[in-house]
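**Q**
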Amino acid sequence: MPVEERFQDKSSVFGVVGLGYVGLPLAVEMGKAGYRVLGMDVDESKVDEVNAGRSYIPDVPTEELAELVGERLVSATADFSRASECDAVVICVPTPLDEMKEPDTSFMESAAREIAPYLKPGVLVTLESTTYPGTTEEIVQPILEAGGLKVGTDLHLAFSPERVDPGNPVYQTKNTPKVVGGVTPECTATAVAFYGSFLDTIVPVSSTRAAEMTKLLENIFRCVNIALMNELLIVSERMGINIWEVVDAAKTKPFGFMPFYPGPGLGGHCIPIDPFYLSWKARQFDLHTEFIELAGKTNEAMPYYVVKRLMEALNTHRKPLAGSKILMLGVAYKANIDDMRESPAIKIAELLLDAEADLVYHDPFVPTFCIRGNPVTPIELTEDAIAGCDAVLVVTDHRNIDYHLIWRSSKLILDTRNALKEFDGDKVFRL
Ligand SMILES: NC(=O)c1ccc[n+]([C@@H]2O[C@H](COP(=O)([O-])OP(=O)(O)OC[C@H]3O[C@@H](n4cnc5c(N)ncnc54)[C@H](O)[C@@H]3O)[C@@H](O)[C@H]2O)c1
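Spelled out as structure tokens, the structure:
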């Protein structure tokens with residue numbers, strides 16, 4: 005059968021290994037296109053939730069998942085031998101850094117090991133986890149081939165970076181162009197046919213390394229530009245210039261400028277982590293990625309800068325941070341989502357507790373917030389509760405917050421996101 009006709013037949017079965025923020029939306033997209041999808045995860049609670057048709061990912065509506073589960077298009081299992089049913093398998097498991105800030109590829113390795121013995125001849129395997137150039141061929145390929153199939157003859161292998169942007173109302177899995185690079189040209193063609201069967205736009209590149217590097221370029225671009233804004237923020241503050249006003253003005257330039265914003269520090273599973281995958285790999289080539297290191301250093305300093313600015317703001321009220329009641333407003337790593345991974349709120353809260361501040365928080369998306377195993381007290385946003393705090397620290401600019409109430413009721417505000425851009429006065433401090 006010509007490669008481009010593969011997967012046209014809706015009897016194809018697609019597997020997704022890792023049913024998290026990336027894997028579950030992908031599985032649902034495949035199901036919506038009419039394919040039978042088998043999700044595989046080591047986390048039995050996720051398997052049970054999927055099989056009960058209940059979504060735990062905000063971008064996936066429960067009704068949508070429930071309908072696909074009801075039609076028997078989407079199901080999940082912790083039994084990896086069922087990879088034998090699949091014509092294509094996508095791996096989207098975590099790629100964190102270890103304690104030494106070095107790539108932790110153990111999840112990818114175990115996922116590949118779990119499916120390898122069960123893959124059927126002709127199957128396509130794609131890796132979507134963000135990682136350094138070389139991973140697909142140096143790590144995943146040998147593990148899969150140990151299962152008996154050879155890449156290029158009876159197994160197709162490709163890398164295709166995930167670009168999901170949680171909470172983005174316009175670009176979601178289906179309409180975000182998908183880059184793919186295979187080990188051989190036929191692997192690429194097979195991956196193009198696969199993704200083209202349920203996504204709008206596919207962008208083939210010449211190799212797995214080019215595809216791996218594409219994802220890192222995208223994330224490093226963001227990391228470095230955010231660091232640049234954080235540096236300019238500190239300079240502007242010293243000079244008495246409002247950086248937020250400057251970015252708004254600069255972005256009226258219709259060409260050659262793209263706005264990035266300063267903030268309390270990086271968060272999420274991608275931007276604070278992925279650039280260091282490249283730094284680590286570059287060292288094997290006797291190269292040092294200085295922009296990435298500098299950006300990392302600048303961004304990591306931001307939570308400390310936030311606490312320093314909070315101390316200075318409290319100082320104007322003749323209050324020390326120790327003993328002051330601080331309301332942290334928003335703790336998720338970005339607006340309008342529940343994801344706490346690498347959130348700068350965690351570091352800021354640790355610093356505030358170390359300084360003996362009396363910390364409470366409010367986040368409509370995050371019902372519990374623990375620091376070093378101890379829960380931080382959540383509060384409702386009432387006039388009295390806000391007025392009872394010495395300062396409000398806006399860390400995440402969720403949209404469903406009554407910022408007028410915050411402004412009206414608070415004694416002092418440090419806004420790290422320009423969420424109170426419409427409000428002014430002596431009590432409003434901005435990063
Ligand atoms: N979340 C994002 O916004 C985003 C965006 C682009 C790329 N990525 C990349 O995609 C990858 C996955 O990220 P995520 O956010 O979906 O992670 P996640 O933690 O939400 O989900 C990963 C899932 O993999 C499962 N898992 C772990 N080890 C496994 C194994 N050996 N076998 C089967 N399942 C296993 C976990 O139980 C979990 O359900 C990462 O490499 C990440 O960098 C994430």
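Under our numbering, the first residue of the sequence shown is numbered 5, with each subsequent residue one higher. Even glycine gets a Cβ: it sits at the ideal position worked out from N, Cα and C.
Taking a contact to mean a Cβ-Cβ separation below 8 Å, would you say residue 237 touches residue 279 in this structure?
**A** Translated into positions along the sequence shown, residue 237 becomes position 233. Translated into positions along the sequence shown, residue 279 becomes position 275. No, they are not a contact pair.
**Q** How should residue 322 be labelled, buried or exposed, when 16 other C-beta atoms within 10 angstroms of its C-beta is the threshold for buried?
**A** Within the sequence shown, the letter at position 318 stands for residue 322. Residue 322 is exposed by the Cβ-count criterion.
**Q** Does the structure place the region 172 to 189 close enough to the region 234 to 254 that three or more beta carbon pairs sit under 8 Å?
**A** no
**Q** On a CA-only basis, which of 344, 65 and 377 is nearest residue 399? Give me that one, please.
**A** In the sequence shown, counting from the first residue as 1, residue 399 sits at position 395. Ranked by how close their Cα comes to the Cα of residue 399, the residues 344, 65 and 377 have 344 in first place.
**Q** Any Cβ of chain B within less than 8 Å of the Cβ of residue 89?
**A** Among the protein chains of the structure shown there is no chain B, as only one such chain exists.
**Q** Quick test of the definition: if touching needs 3 or more C-beta pairs under 8 Å, does the region 293 to 309 touch the region 366 to 379?
**A** no
**Q** Compute the distance between the beta-carbons of residue 84 and residue 130, then report whether it is under 8 Å.
**A** Within the sequence shown, numbered from 1, the residue matching residue 84 stands at position 80. Within the sequence shown, numbered from 1, the residue matching residue 130 stands at position 126. Residue 130 sits away from residue 84, with the two beta carbons spaced by 8 Å or more.
**Q** Find out if the Cβ-Cβ distance for the pair residue 151, residue 120 is shorter than 8 Å.
**A** Position 147 of the sequence shown, counted from the start, is the residue given in the question as residue 151. Position 116 of the sequence shown, counted from the start, is the residue given in the question as residue 120. Yes, they are a contact pair.
**Q** Check whether the Cβ atoms of residue 395 and residue 352 sit closer than 8 Å, and answer yes or no.
**A** Taking the first residue of the sequence shown as 1, we reach residue 395 at position 391. Taking the first residue of the sequence shown as 1, we reach residue 352 at position 348. No, they are not a contact pair.
**Q** Cβ of residue 273 versus every heavy atom of ligand 1: is any distance shorter than 7 Å?
**A** Position 269 of the sequence shown, counting from 1, holds the residue named residue 273. Residue 273: yes, Cβ under 7 Å from ligand 1.
**Q** Assuming the contact rule is C-beta atoms closer than 8 Å, residue 418 and residue 397 should be a hit. Round their C-beta distance to whole Å, please.
**A** Counting from one through the sequence shown, the residue named residue 418 turns up at place 414. Counting from one through the sequence shown, the residue named residue 397 turns up at place 393. That pair is a contact at about 5 Å.
**Q** Extract the residue ranges of the beta strand (DSSP E) inside the region 25 to 89, only unbroken runs of 3 or more that lie entirely within it.
**A** The region 25 to 89 contains these whole beta strand (DSSP E) runs: 40 to 44 and 78 to 81.
**Q** Using a 10 Å radius around the Cβ and a threshold of 16 neighbouring Cβ atoms, would you call residue 174 buried or exposed?
**A** Numbered from its first residue, the sequence shown carries residue 174 at position 170. Counting Cβ neighbours within 10 Å, residue 174 comes out exposed, since fewer than 16 surround it.
**Q** Residue 346 and residue 276 - do their beta-carbons sit closer together than 8 Å?
**A** Here residue 276 is taken as the residue at index 272 of the sequence shown, counted from 1. Here residue 346 is taken as the residue at index 342 of the sequence shown, counted from 1. Yes.
**Q** At a threshold of 7 Å, does residue 134 count as lining ligand 1 (C-beta to nearest heavy atom)?
**A** Along the sequence shown, one-based indexing puts residue 134 at 130. At least one heavy atom of ligand 1 is nearer than 7 Å to the Cβ of residue 134, so yes.
**Q** In angstroms with no decimal places, state the Cα-to-Cα distance between residue 107 and residue 220.
**A** Taking the sequence shown and counting its residues from 1, the one referred to as residue 107 is at position 103. Taking the sequence shown and counting its residues from 1, the one referred to as residue 220 is at position 216. One C-alpha to the other measures close to 13 Å.
**Q** Pull the bridge partners of residue 365 from the DSSP assignment, please.
**A** As a working note, residue 365 is residue 361 in the sequence shown. Its beta-bridge partners are 332 and 382.
**Q** How should residue 259 be labelled, buried or exposed, when 16 other C-beta atoms within 10 angstroms of its C-beta is the threshold for buried?
**A** Start at 1 with the first residue of the sequence shown, and residue 259 comes out as number 255. Residue 259 is exposed by the Cβ-count criterion.
**Q** Cβ-heavy atom distance between residue 105 and ligand 1 below 7 Å?
**A** Taking the first residue of the sequence shown as position 1, residue 105 is located at position 101. No, since every heavy atom of ligand 1 falls outside the 7 Å radius drawn around the Cβ of residue 105.
**Q** Rounded C-beta distance between residue 59 and residue 72? I'm assuming under 8 Å.
**A** For the purposes of this step, residue 59 is taken as the residue at position 55 of the sequence shown. For the purposes of this step, residue 72 is taken as the residue at position 68 of the sequence shown. Contact doesn't hold; Cβ gap of about 10 Å is too wide.
**Q** DSSP three-state call for residue 437: helix, strand or coil?
**A** Residue 437 is absent from the structure shown; the chain starts at 5 and stops at 435.
**Q** Contact defined as beta carbons within less than 8 Å: I believe residue 299 pairs with residue 254. What is the distance between those atoms, to the nearest angstrom?
**A** Stepping through the sequence shown from its first residue, residue 299 is reached at position 295. Stepping through the sequence shown from its first residue, residue 254 is reached at position 250. 20 Å between Cβ atoms; not a contact.
**Q** So is residue 165 buried or exposed if we call it buried at 16+ other beta carbons inside 10 Å?
**A** Counting from one through the sequence shown, the residue named residue 165 turns up at place 161. Under this definition residue 165 is a buried residue.
**Q** Within the present structure, is the beta-carbon of residue 203 separated from the nearest heavy atom of ligand 1 by less than 7 Å?
**A** Position 199 of the sequence shown, counted from the first residue, corresponds to residue 203. False, no ligand heavy atom lies under 7 Å from that Cβ.
**Q** Suppose the cutoff is 8 Å on Cβ atoms and the five residues either side in sequence are ignored; what does the same chain contact list for residue 311 look like?
**A** Numbered from its first residue, the sequence shown carries residue 311 at position 307. If we look at residue 311 and ignore the five residues flanking it on each side, its Cβ neighbours are 325, 352, 355, 356 and 359.
**Q** Grouping DSSP H, G and I as helix and E and B as strand, with all else coil, what is residue 421?
**A** Here the question's residue 421 lines up with position 417 in the sequence shown. Of the three classes helix, strand and coil, the one that applies to residue 421 here is coil, per DSSP.
**Q** Using only alpha-carbon positions, find the residue among 197, 205, 229 and 192 that is nearest to residue 215.
**A** Counting from one through the sequence shown, the residue named residue 215 turns up at place 211. Minimum Cα distance to residue 215 is reached at 192.
**Q** Have a look at 20, 213 and 316 and flag the residue whose alpha-carbon is nearest the alpha-carbon of residue 139.
**A** Your numbering for residue 139 matches position 135 in the sequence shown. The shortest C-alpha separation from residue 139 is found at 213.
**Q** Is residue 29 buried or exposed, if buried means 16 or more other CB atoms sit within 10 Å of its CB?
**A** Position 25 of the sequence shown, counted from the first residue, corresponds to residue 29. Residue 29 comes out buried.
**Q** Count the other C-beta atoms from every protein chain shown that fall within 10 angstroms of the C-beta of residue 242, then say buried if there are 16 or more, exposed otherwise.
**A** In the sequence shown, the residue the question calls residue 242 occupies position 238. The residue is exposed, with fewer than 16 neighbouring Cβ atoms inside 10 Å.
**Q** Assuming residue 87 and residue 122 are in contact, meaning their beta carbons sit under 8 Å apart, how far apart are those beta carbons, in whole angstroms?
**A** In the sequence shown, residue 87 corresponds to position 83, counting from 1. In the sequence shown, residue 122 corresponds to position 118, counting from 1. Between residue 122 and residue 87 the Cβ distance is about 4 Å, and since that is below 8 Å, they are a contact.
**Q** Run through DSSP, which three-state label would residue 338 get?
**A** Counted from its first residue, the sequence shown places residue 338 at position 334. Of the three classes helix, strand and coil, the one that applies to residue 338 here is coil, per DSSP.
**Q** Look at the alpha carbon of residue 423 and the alpha carbon of residue 114, and state the distance between them as a whole number of angstroms.
**A** Residue mapping note: residue 423 aligns to position 419 of the sequence shown, counting from 1. Residue mapping note: residue 114 aligns to position 110 of the sequence shown, counting from 1. Residue 114 has its alpha-carbon roughly 43 Å from the corresponding atom of residue 423.
**Q** From the DSSP output, in three-state form, read off residue 321 for me.
**A** One-based indexing of the sequence shown puts residue 321 at position 317. Here residue 321 sits in coil by DSSP.
**Q** Quick one, which of 143, 177 and 210 has its alpha-carbon nearest residue 204's?
**A** The residue you call residue 204 lines up with position 200 of the sequence shown. Taking the Cα of residue 204 as reference, the smallest distance to any Cα among 143, 177 and 210 is reached at 177.
**Q** Tell me whether residue 461 is buried or exposed, calling it buried when 16 or more other Cβ atoms sit within 10 Å of its Cβ.
**A** Because residue 461 is not part of the residues shown, which for the chain are 5 to 435, the question remains open.
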